[in-house]
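If you're matching them up, the sequences are chains L and G in order.
Heads up, the first sequence is in my numbering, so the first residue is 1 and it goes up one at a time.
Heads up, the second sequence is in my numbering, so the first residue is 1 and it goes up one at a time.
Please read the structure below before turning to the comments.
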Amino acid sequence: MISLTSPVKTQAHRWPAGLKLGLLCAATVVLFARQDAAFHAAALAGTIGLYLMGGRRFARAGLAAVWRLWPFVVVVGFWHLLTGTPLAGLVIVLRLSTAVALANLVTMTTSLSQMIAVVMALAAPLRPLGLNTRALALGIALVVRFTPALADKGTQLSQAWSARSPRRPSWRIVMPFTVLALDDAENVAEALRARGGLNP
Amino acid sequence: MERNLTLVALFAALIAALGLIPQLTLAFGVPVTAQSLGVMLCGAVLGARRGALAVLLFVLLVALGLPLLAGGRGGLGVFASPTAGFVVGFPFAAFITGLIVENWRQGPLALVAGTASVIGGIVVLYAFGISGLAWALDKSLPQAALLVTAFIPGDLIKAVLAGLITAALARARPDSVLSRA
Chain L
1 MISLTSPVKT
11 QAHRWPAGLK
21 LGLLCAATVV
31 LFARQDAAFH
41 AAALAGTIGL
51 YLMGGRRFAR
61 AGLAAVWRLW
71 PFVVVVGFWH
81 LLTGTPLAGL
91 VIVLRLSTAV
101 ALANLVTMTT
111 SLSQMIAVVM
121 ALAAPLRPLG
131 LNTRALALGI
141 ALVVRFTPAL
151 ADKGTQLSQA
161 WSARSPRRPS
171 WRIVMPFTVL
181 ALDDAENVAE
191 ALRARGGLNP
Chain G
1 MERNLTLVAL
11 FAALIAALGL
21 IPQLTLAFGV
31 PVTAQSLGVM
41 LCGAVLGARR
51 GALAVLLFVL
61 LVALGLPLLA
71 GGRGGLGVFA
81 SPTAGFVVGF
91 PFAAFITGLI
101 VENWRQGPLA
111 LVAGTASVIG
121 GIVVLYAFGI
131 SGLAWALDKS
141 LPQAALLVTA
151 FIPGDLIKAV
161 LAGLITAALA
171 RARPDSVLSR
181 A
């Protein structure tokens, strides 16, 4: 399973994940506290500058995620033009783009294993409250392992459907698909128990 | 214990896989992503606690940077976008769906699970989704609600399907439908 971390290495890939997440939280709070258009224009320009520091390929891949916001930009733009408050609309659109771009920047420069390490560090204090961090770690690994496996089985189900029917696969394959997931879960549980189970 | 964990993990993977397989068509030829159907099924099949945990695990992995949402979206940017409320609301939707199926013991399972999916997967989920939209776009709640009304008919169909699929699963694997175990 390929995560959204950018294969183009940047300076920020070497920063500690906790620091990047902390900065992201602080930046998002500031973004939502400020209301003036000039500040938000500068913030977006600065964020695009950060992307460009990673090179053209990095910037193009990263800003594609921000481009997905265009339907909201159109809706907000129309709304504020109709109600005669274009400046307020501009602030909303700029703030939204910057917030998404910054968050995406952290995702692009932090590997999955670093992110999991942060989750484990944050979860550790909850252990006395009954959180089984071993189960959490194993759960994450199982999802990463079984998502492509299940997606394969789902594709096979829809191909089997297509071989028999001129119509496109319908919702009817979701039921056998769910049965496959249930059976896999039972088999994996048995395999885990056979290997000593969850408790060390 | 192991079984609870693997069911939670496999259903989290199921939600992800439902977003990855080629799009399915509903009764009227409308293409949909089956991901929110997966959230309803988590609650209706696994029950409130395990269902919510499965969806929570899925949401956690999206946040960690895996492209598991329909269309290959993922990462922290999802939680800053206008649709963040829906993703945050997913675990609550599964929890309420499961809670209703666990406690409403009379009546055919298809009807119970379908109704539970409408309440959990639509009423609860949209409450979160619309709040998120209103917050990110700086609009009032009714204005934000207008933006998403177009998606409600599709989700109603998915809730009906969730009910039918849950009932079919209870026949195929009675021991695995934990909401009724």
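Heads up, the beta-carbon is just placed ideally off N, CA and C, and yes, glycines get one too.
- Taking a cut-off of 8 Å on C-beta distances, the region 92-99 of chain G touches the region 107-125 of chain G, as three or more cross pairs fall below it.
- Scanning chain L for C-beta atoms nearer than 8 Å to the C-beta of S179/G yields nothing, as the closest lies near 13 Å away.
- At a Cβ-Cβ threshold of 8 Å, G74/G and P67/G count as neighbours.
- Contact of T10/L with chain G by beta-carbon distance below 7 Å is absent, the smallest such distance being about 15 Å.
- Judged by DSSP in its simplified three-state form, R167/L adopts coil rather than helix or strand.
- Check the Cα spacing between L50/L and each of D36/L, V73/L, F78/L, T109/L: the tightest is with T109/L.
- Distance from the CA atom of A17/G to the CA atom of R127/L, rounded to whole angstroms, is 31 Å.
- Contact annotation: V106/L and L4/L have beta-carbon atoms that are not nearer than 8 Å.
- When 7 Å is used as the limit between beta carbons, E2/G is near these residues of chain L: A189, L192, R193, G197, L198, in chain order.
- R195/L carries a coil assignment under DSSP once its states are collapsed to helix, strand and coil.
- The beta carbons of K158/G and L37/G sit closer together than 8 Å.
- Here L69/G is bridged, per DSSP, to R73/G.
- Between A9/G and L69/G, the CB-CB gap reaches or exceeds 8 Å.
- DSSP places N103/G in the helix class (H, G or I) of the three-state scheme.
- Of the candidates L178/G, L161/G, D155/G, D155/G places its Cα closest to the Cα of F86/G.
- For V8/G, the chain L residues whose C-beta falls within less than 7 Å of its own C-beta are G139, listed in chain order.
- Counted as a single uninterrupted DSSP element, the alpha helix (DSSP H) harbouring P153/G occupies residues 152-172.
- Here DSSP, grouped into helix, strand and coil, assigns R95/L to helix.
- Only exposed fits N199/L, as fewer than 16 other CB atoms lie within 10 angstroms of its CB.
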